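Undergrad: When the letters of the sequence shown are read in order and numbered with our numbering, they come out as residues 202 to 347.
The beta carbon of each residue, even a glycine, is placed where N, CA and C say it ideally should be.
All of these numbers come straight from a predicted model, not from anything done at the bench.
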Amino acid sequence: MEDSIASGASLRRKLLAIMAECSYIRKDKRNAAMGYSYASEAAIKEKVHAELVRNGVLFQCDVVTFEERIIERVNKDGRPVVEALAKCQFHYVFEDVATGEKREGTFFGTGVDNADKHLYKAITGAIKYILTTTFLIPTGDDPEET
């Protein structure tokens, strides 16, 4: 952490330094079934993790509430599909390891899966969104583009 602003800087300055170093993450994966590219969890965590460590900031994200609902539908081939939907509330914290200063927030996320990964998809999506939104990291998406 010698080459960071970690010593003596406030948590706000450390978060700003992380934001400055995480200016863009290239989409590294493709969902062939749905026809879109995306920045993977690994790419996002790799970039942000290095800067969190360098600046002495911990990140923690916990599930506060979890609701599960079973969805029965018919897929495009006309076959019935049963999926599980996870709706979660998350509490996240950025904490300065030197001072204990914290920046906290709440986030809601969902995940759907036809097996047992709906909760994990909700967690992964929430973490990706919290990190890319907190640090305003573009991945080339334009939600207003149709």
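1. Could you give the uninterrupted runs of the beta strand (DSSP E) lying entirely in the region 212-268, keeping only those of 3 residues or more?
2. CB Glu305 to CB Tyr293, shorter than 8 Å?
3. Less than 8 Å between the C-beta atoms of Thr334 and Ala240, yes or no?
4. Let me check you understand the geometry: is the CB of Arg214 closer than 7 Å to at least one non-hydrogen atom of the ligand HEM?
5. Assign Thr311 to one of three DSSP states: helix, strand, or coil.
6. Helix, strand or coil: how does DSSP classify Ala323 here?
7. Taking only the alpha-carbon atoms, compute the straight-line gap between Gln290 and Asp317 and give it to the nearest angstrom.
8. In this structure, how does DSSP classify Lys277 when only helix, strand and coil are distinguished?
9. So what does DSSP say about Ile331, is it helix, strand or coil?
10. Put Phe295 into one of helix, strand or coil per three-state DSSP.
11. To which residues does DSSP link Gly306 through a beta bridge?
12. In whole angstroms, what separates the C-alpha of Glu203 from that of Ile219?
13. Taking just the CA atoms, how far does Thr300 sit from Gly310?
TA: So, to answer that:
1. 230-232, 237-239
2. Contact flag set, yes.
3. no
4. As far as ligands go, the structure on display features none, and thus does not contain the ligand HEM.
5. DSSP places Thr311 in strand when its eight states are reduced to three.
6. helix
7. 19 Å
8. In the structure shown, Lys277 sits in coil (DSSP, three-state: anything other than H, G, I, E or B).
9. helix
10. strand
11. Tyr293
12. Its pLDDT being 48, under 50, Glu203 is placed unreliably by the model, and the measurement read from it follows with that caveat. Going by the C-alpha atoms only, they are around 15 Å apart.
13. 30 Å
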